[in-house]
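Visitor:
Number of protein chains: 2
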Amino acid sequence: MDKKKTYSIGELAREFDVTTRTIRFYEDQGLVSPSRRGQTRIYSPADRVTLKLILRGKRLGFSLAESKELIGMYQPQGDNRHQLLALQEKIHQRRAQLEQQLHDIQAMQQELDDVEQRCIDAMNDLES
Amino acid sequence: MDKKKTYSIGELAREFDVTTRTIRFYEDQGLVSPSRRGQTRIYSPADRVTLKLILRGKRLGFSLAESKELIGMYQPQGDNRHQLLALQEKIHQRRAQLEQQLHDIQAMQQELDDVEQRCIDAMNDLES
DNA sequence: GGAGAAGTTTACGTTAACGTAAAGCTGGTT
DNA sequence: AACCAGCTTTACGTTAACGTAAACTTCTCC
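Same order as they appear, the protein sequences are chains A and B. Under the working numbering, the letters of the first sequence match residues 2 to 129, in that order. Under the working numbering, the letters of the second sequence match residues 2 to 129, in that order.
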């Protein structure tokens, strides 16, 4: 029994809070390639996952090209040794970037903590 | 004894690996406002920190406008109660976003782990 | 004193990631 | 039959964040 659930472009747009224009644009850029029933686009669960990955990438400041590359990495057709080594190198670089982002986030969180504390202190002073 | 160290635009550009055009653009956008000796811009340590914050924001996908707001939050002139409450709300929202980004990073790291493991397995298979 | 390096202003060009509008097809409903 | 919601294509418009080029000053060094 296939789960053969499918989605219309409008459904996905609503779910992910983007416009249909956006989803079609991603298709232009080769990020998704839904099948068709006549003219109408039919999206598979895999397409839906791809959209999720794109939007996650966006939240981390990735360009569509970068997200596309990442998604390509997740479906590897590692045939020869050279390609596998290249893939490992890309993985290594992405990981380094994510680590950098982690540090950046932690630094920001710390600063937000400080600001909020000063904020709280200032409000307490107002009540005195 | 003031630390009164200053920087030229070229120095900062080299240190942060951006062009002078970029730094002048940030000035146009009101993110930094160096003093002048004649025509020439003189940057203070505070300006340098601001640049650092901007670039950190960029690494996390923040727009310049967002970074500007964040930097504004770090130098609060919390005079009245209403402003302090508004500031706290902004802090709260930023924090939520950072948490989201943390989750996104962790998910990506997990996926990179998986891909790399499959990559390693594939290379081992090639050697058999 | 001429050349070069580093600074300046002004201004037009570029790329990514869509927005927005126009014009048209299509399947169900009143 | 008419209408509407939702889909389609085509195409020009827009914003952010700079790039790039031209033309000019100012300082230093040989």
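Ideal placement from N, C-alpha and C gives every residue a C-beta, glycine not left out.
1. Contact criterion: CB-CB distance below 8 Å. Does B:R49 meet it with respect to chain A?
2. Residues of the region 24-43 of chain A in Cβ contact with chain B at a cutoff of 9 Å, in chain order, please.
3. Closest Cβ-Cβ distance between A:V19 and chain B: below 8 Å?
4. Check whether the region 52-66 of chain A touches the region 104-117 of chain B, taking contact to mean three or more Cβ pairs, one atom from each stretch, closer than 8 Å.
5. Any Cβ of chain A within less than 8 Å of the Cβ of B:A123?
6. 8 Å is my cut-off, CB to CB: does A:I55 come that close to chain B?
7. Listed in chain order, which residues of the region 76-89 of chain B have Cβ atoms closer than 7 Å to some Cβ of chain A?
8. To which residues of the same chain is B:G11 closer than 8 Å at the C-beta, ignoring the five residues directly before and after it?
9. How should B:D126 be labelled, buried or exposed, when 16 other C-beta atoms within 10 angstroms of its C-beta is the threshold for buried?
10. So what's A:T41 in DSSP terms, helix, strand or just coil?
11. Compute the distance between the beta-carbons of A:L85 and A:L52, then report whether it is under 8 Å.
12. Can you tell me whether A:S36 is helix, strand or coil according to DSSP?
13. Taking just the CA atoms, how far does A:K6 sit from B:V50?
14. Is A:Q30 buried or exposed, if buried means 16 or more other CB atoms sit within 10 Å of its CB?
15. Would you check if there are 3 or more beta carbon pairs closer than 8 Å linking the region 83-101 of chain B to the region 80-99 of chain A?
16. Compute the distance between the beta-carbons of B:L32 and B:K91, then report whether it is under 8 Å.
17. 8 Å is my cut-off, CB to CB: does A:E117 come that close to chain B?
Guide: If we stick to the structure as given:
1. no
2. none
3. no
4. yes
5. yes
6. no
7. P77, G79, R82, L85, L88 and Q89
8. T21
9. exposed
10. strand
11. no
12. strand
13. 52 Å
14. exposed
15. no
16. no
17. yes
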